[in-house]
Structure formats: C-alpha cells, structure tokens
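With this note's numbering, the residue at position 218 of the sequence shown is 233, and numbering never jumps.
Just so it is clear, CB atoms sit at the ideal spot from N, CA and C, and this is done for glycine as well.
Every value quoted in this text rests on a predicted model; they were computed, and no experiment measured them.
To start, the structure itself, in structure tokens.
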Amino acid sequence: MTGEKPVVAIAGAGVIGACLALFLARAGCTVKLFDAGQNSKSATPRSFGWINAHSPENAHHFRLRLQSMTLWKSLLQDYPDLPLSFGGGIDWDLPQESISAASEHYISLGSNTRLINRKALAGIFPHHPGLPDFALHNMDEGIAVPALISKGLVSAAQEAGAQFHSGQIIERLQADSGQITAAISNDGKTAFDHIVFCAGIETNTLLEQIGCHLPMDNRPGRLMRTAPLPKLTPLVTSSPGLHFWQAEDGCILAGSTQAGTFSTGEAEWETEIAKKLLAFFPRGTQIRDYKTVTGVRPMPADGMPVIGPVPGLRNASLAVMHSGITLAAIVAKLLSNEIIEEKTQPALDPYRFSRFTGASISSMGVAP
Ligand SMILES: Cc1cc2nc3c(=O)[nH]c(=O)nc-3n(C[C@H](O)[C@H](O)[C@H](O)COP(=O)(O)OP(=O)(O)OC[C@H]3O[C@@H](n4cnc5c(N)ncnc54)[C@H](O)[C@@H]3O)c2cc1C
C-alpha cells in the first residue's frame with residue numbers, strides 16, 4: 016500500500032460511515048460503503064440532530080466537539096446542499112445559580128457563548144410565561160437534519176468517487192494472521208486494504224465474529240415531530256425538560272432530557288412535551304398532529320466515543336459513539352488521516368478501544 020491510497024470498505028452509512036466515506040474519497044482512496052438499508056435501526060434518522068458542545072466536564076471531548084462544529088461549517092461551504100444550518104442555540108436547562116459560571120467555563124474552553132438575560136429572551140419568546148433570569152446563547156450551534164444528513168453525505172461521497180452498496184449487509188468476515196481478509200455481504204465477497212466498522216448499535220454483531228466485544232450501554236431516546244406550527248425561532252432551544260428546533264416548513268422536533276430511560280409511558284410523555292412546547296406559542300395554539308419516534312443511541316459503556324484500531328487487527332478500525340451527529344466531521348477527518356497515513360492521530364488517543372479491559376481479540380488466530 017506504500018505510496019498508494021488504500022481501498023477502504025466501510026460497514027454502515029449512518030452519519031459516521033457516510034462522513035468517513037466522503038473524507039476518504041476526497042483524499043483519493045477507493046471507498047466501498049455498505050449499508051444494511053431502510054429496515055435497519057440506524058440512530059441517525061431518529062436523532063435530534065443538534066450540533067453542539069455541551070458537558071464541559073471533559074475538556075478534551077468538549078474541544079473535539081468545537082472542532083467538529085467548525086469543520087461542519089467548512090464542509091457546508093464545500094457542499095452547500097448538505098442539510099445543515101447554523102442558527103445558534105439557547106440553553107437554560109441548568110440551574111440558574113450555576114449559569115454564569117457555566118458561561119465562563121464554556122468561554123474559557125473556546126466556545127462562542129454569551130449570557131443573555133430575561134429581557135433578551137422575551138424578545139425571542141414573547142409568549143412564554145416562565146422565562147428564566149438568564150440563559151446561555153451559543154452563536155455557533157447548528158442542526159443536521161436527521162432524516163437527510165446521511166443521504167446528503169453519501170451523495171457527496173459518491174460525487175468524490177465512493178461506491179455505495181445500498182441494502183448490502185456485511186454478514187460475515189474472514190480473518191487470518193492478524194488481519195481481516197474479506198467481508199461477505201448478501202451480494203458477495205469484497206476485498207479491501209482496510210475495513211472500518213461504523214455500524215452503530217450493530218457493531219458488536221460484526222466484532223463478535225472475530226472474537227471481539229465492545230462494552231456498550233445503548234440508550235433509547237424519544238422524539239416528537241409535530242405538524243407545521245407558527246414560526247418561532249431559528250435557535251435550537253433547550254429549556255428544563257424540553258429541547259426543540261423548528262424546520263423551515265414549521266414542523267418542530269422536540270425531546271425531553273437525555274436520561275435514556277423513560278419514567279412515563281409514551282402517551283403521558285407526549286402530553287407533557289406538548290404542554291411544555293405550547294408555552295412558547297400564543298394562547299390558543301394547538302398541536303393537533305404529531306408522531307413520536309424512538310431511537311437507540313449507540314453508547315459505549317463509559318459514554319465516550321470509541322475510535323480507531325480494532326485491537327489485534329492490522330487492517331480494521333471502528334467508530335462508535337453517541338453525539339455522532341456533532342462529532343462525525345472531526346472523527347471522519349482524524350480517522351481518515353489515520354487510515355491513509357497509517358499513523359496514529361494523538362487527538363484520538365482518549366477514545367481508543369484498548370481502554371476497556373478484556374477487550375481483545377480472542378479467536379480465529381488473530382494476534383492479541
Ligand atoms: C433520540 C436520539 C437523539 C439524539 N440526538 C443527538 C443530537 O442531538 N446530537 C448528536 O450529535 N447526536 C445525537 N444522537 C446520537 C446520534 O444520532 C448517533 O451518535 C449517530 O447517529 C450515530 O451514527 P452512526 O453512523 O454511528 O450509527 P447509525 O446512524 O446507527 O448508522 C449505522 C448504520 O450501519 C448500518 N449497518 C449496521 N450493520 C450493518 C452491516 N452488518 N452491514 C452494513 N451496514 C450495517 C445500519 O444500516 C446503519 O445505517 C441522538 C440519538 C438518538 C437516538
């Protein structure tokens with residue numbers, strides 16, 4: 016492979032696999048992108064789609080998110096048809112007494128955030144009866160339209176030369192002497208120099224064939240999509256127990272907190288979300304029509320992404336994570352560099368598979 020760009024197979028065309036395909040194809044690799052297709056449990060189209068940097072407790076992860084936000088914006092310049100928008104975000108889903116310190120912390124980490132007061136908020140949400148004294152306003156946050164982003168990235172990757180095998184599930188892997196030698200889909204056998212598993216919650220189905228298991232703690236999440244409502248704001252809004260954004264057509268996508276478990280049934284949850292949402296609209300507004308969708312967040316057991324080499328295999332990598340909509344751009348950039356240059360990217364070091372004890376290749380003659 017020296018001097019030549021590798022042939023890379025990717026299992027999974029959610030936002031991570033599709034974005035990786037784009038970066039690899041742009042860099043001149045031969046890319047074979049496989050996706051199980053419409054009946055899969057892909058998290059991407061069931062996501063909220065928020066591109067943000069929250070949770071500053073982990074400064075490295077926070078900065079990675081900021082880098083990804085910047086990169087998404089530059090991708091949008093190259094591909095103006097990508098379903099991305101960056102209207103900013105408003106957040107008061109945190110205790111008022113800590114909001115000023117939170118704002119300073121965000122800013123110290125490089126976030127383009129400021130504190131806004133109730134008067135400014137009332138200018139945005141004139142009908143809401145319970146606005147707080149302060150909220151965080153982030154000027155760089157955005158949305159990737161969940162139902163469209165993978166498709167948009169796949170089209171861009173195809174333009175750059177990637178081959179897309181839609182409806183083709185990688186069903187079996189062949190390994191020998193520390194490398195995967197072939198992947199077999201429902202359409203036949205594929206050869207490659209390197210393979211990347213971007214199969215979200217299905218990743219272990221593939222890894223277990225090669226005696227490997229990634230500890231996961233996948234979390235379900237519910238979202239409500241309304242029929243068109245009067246125009247509110249282009250800001251992604253996060254208030255206690257409710258986050259939402261409004262699409263161009265007036266439809267709102269709304270969710271509750273990120274807990275991952277449901278303390279109420281779906282009907283009760285919908286009533287609560289609708290009630291909280293209506294507080295933003297003039298009296299008399301009704302939410303007549305909506306649909307609730309449940310998705311599953313691919314969540315490695317410690318909540319952090321897992322990116323890079325599969326332990327013991329010379330030619331296999333993986334990328335599995337929550338917040339994949341936010342992180343896809345930077346993950347695709349760093350991981351594609353790692354694969355092409357065959358050199359580790361230190362920025363990915365905190366996210367290696369090897370941090371999980373016992374996560375090693377144990378069968379098929381693959382090196383430990
Ligand atoms: C309710 C909810 C809200 C969320 N909100 C946000 C948010 O606001 N911001 C954010 O950044 N993230 C959010 N996330 C997380 C985000 O959606 C995921 O991290 C991201 O979509 C993961 O993308 P992925 O490409 O890794 O996986 P997926 O989107 O699941 O894609 C995996 C793909 O692999 C394919 N596949 C599986 N097995 C095979 C196989 N054997 N062969 C071929 N193809 C295969 C599947 O068909 C699928 O398309 C949310 C998730 C949920 C569920």
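Straight-line gap, leucine 293 to alanine 171 (C-alpha atoms, nearest Å): C-alpha separation (whole angstroms): 38 Å.
The beta strand (DSSP E) enclosing tyrosine 305, as first and last residue numbers: Taken as a continuous stretch (DSSP letters only), the beta strand (DSSP E) holding tyrosine 305 covers 305-312.
Arginine 335 beta carbon near ligand 1 (any heavy atom closer than 7 Å): Sequence check: residue 335 is valine here, not arginine. Yes; taking the cut-off as 7 Å, the Cβ of valine 335 has a heavy atom of ligand 1 nearer than that.
Sheet register partners of methionine 239 (DSSP bridge): According to DSSP, methionine 239 bridges with Ala269 and Thr307.
Assigned exposure category for serine 70 - 16 Cβ within 10 Å defines buried: exposed
Limits of the beta strand (DSSP E) - the one that alanine 150 falls within: 149-153
DSSP-derived helix/strand/coil call for valine 160: coil
Burial state of serine 62 (16 or more Cβ within 10 Å): buried
CB of isoleucine 105 within 8 Å of CB of serine 253, strictly: Yes, the pair counts as a contact, with Cβ atoms nearer than the cut-off.
Distance cut-off 7 Å: phenylalanine 368 Cβ against heavy atoms of ligand 1: No; taking the cut-off as 7 Å, the Cβ of phenylalanine 368 has no heavy atom of ligand 1 nearer than that.
6 Å CB neighbourhood of proline 324 in its chain, flanking five on each side removed: Taken in chain order, the residues that qualify are Ser332.
Nearest-angstrom beta carbon gap, glycine 215 and valine 335 [assumed within contact, 8 Å]: 7 Å
Tryptophan 10 - containing beta strand (DSSP E), residue span: Missing from the structure shown is residue 10; the chain here goes from 16 to 383 and no further.
The beta strand (DSSP E) enclosing phenylalanine 212, as first and last residue numbers: For phenylalanine 212, the enclosing beta strand (DSSP E) starts and ends at 209-212.
Which listed residue (Glu353, Ala344, Glu283 and Val251) has its alpha carbon closest to that of phenylalanine 140: Val251
Proximal residues to phenylalanine 368 (C-beta, below 8 Å), its chain only, five neighbours per side dropped: Annotation for phenylalanine 368: Leu229, Val321, Gly323, Pro324, Val325, Pro326, Leu333 and Ala374 place their beta carbon closer than 8 Å to its own, counting only its chain and skipping 5 residues before and after.
Nearest-angstrom Cβ-Cβ length linking threonine 241 and tyrosine 305, presumed shorter than 8 Å: 5 Å
Among Trp284, Pro249, Arg234 and Pro235, nearest to glycine 256 - alpha-carbon criterion: When Trp284, Pro249, Arg234 and Pro235 are compared, the shortest CA-CA separation from glycine 256 is found for Trp284.
Cβ-Cβ distance between isoleucine 114 and leucine 130 below 8 Å: yes
Which of helix, strand or coil DSSP assigns to histidine 180: strand
Cβ shell of glutamine 111 (< 8 Å), same chain only, five flanking positions each side left out: The beta carbon of glutamine 111 is closer than 8 Å to those of Pro147, Asp148 and Phe149 in its chain, skipping five residues each way along the sequence.
Beta strand (DSSP E) runs wholly inside the segment 85-125, at least 3 long, in chain order: Whole beta strand (DSSP E) segments, 3+ residues: 104-106.
For isoleucine 210 and proline 297, the rounded distance between their alpha carbons: 53 Å
Cutoff 8 Å; reference serine 378; Cβ partners in own chain excluding five residues on either side: For serine 378, the pLDDT reaches just 32, beneath the cut-off of 50, and the residue's location in the model is therefore unreliable, although a value from the coordinates is still provided. Answer for serine 378: Ile225 and Gly226, listed in chain order.
Heavy atom of ligand 1 within 7 Å of threonine 272 beta-carbon: No, ligand 1 has no heavy atom inside 7 Å of this Cβ.
DSSP-derived helix/strand/coil call for alanine 362: Taken through DSSP and simplified to helix, strand or coil, alanine 362 comes out as helix.
Span of the beta strand (DSSP E), counted from its first residue to its last, around leucine 130: 128-132
Rounded straight-line distance, which links the Cα of lysine 246 to that of cysteine 44: 44 Å
Contact check, aspartate 208 vs valine 346, beta carbons under 8 Å: No Cβ-Cβ contact shorter than 8 Å links aspartate 208 with valine 346.
Limits of the alpha helix (DSSP H) - the one that glycine 32 falls within: In this chain, the alpha helix (DSSP H) harbouring glycine 32 covers 30-41.
Distance cut-off 7 Å: isoleucine 225 Cβ against heavy atoms of ligand 1: Not under cutoff, so the answer is no.
The segment 355-365 contacting the segment 51-62, beta-carbon criterion three pairs below 8 Å: Output reads no: the segment 51-62 does not touch the segment 355-365.
Arginine 370 in three-state terms, based on DSSP: Note: arginine 370 maps to helix in three-state DSSP.
DSSP bridge partner residues for glycine 323 (one or two, in chain order): Leu333
Where alanine 343 sits in the DSSP three-state scheme: helix
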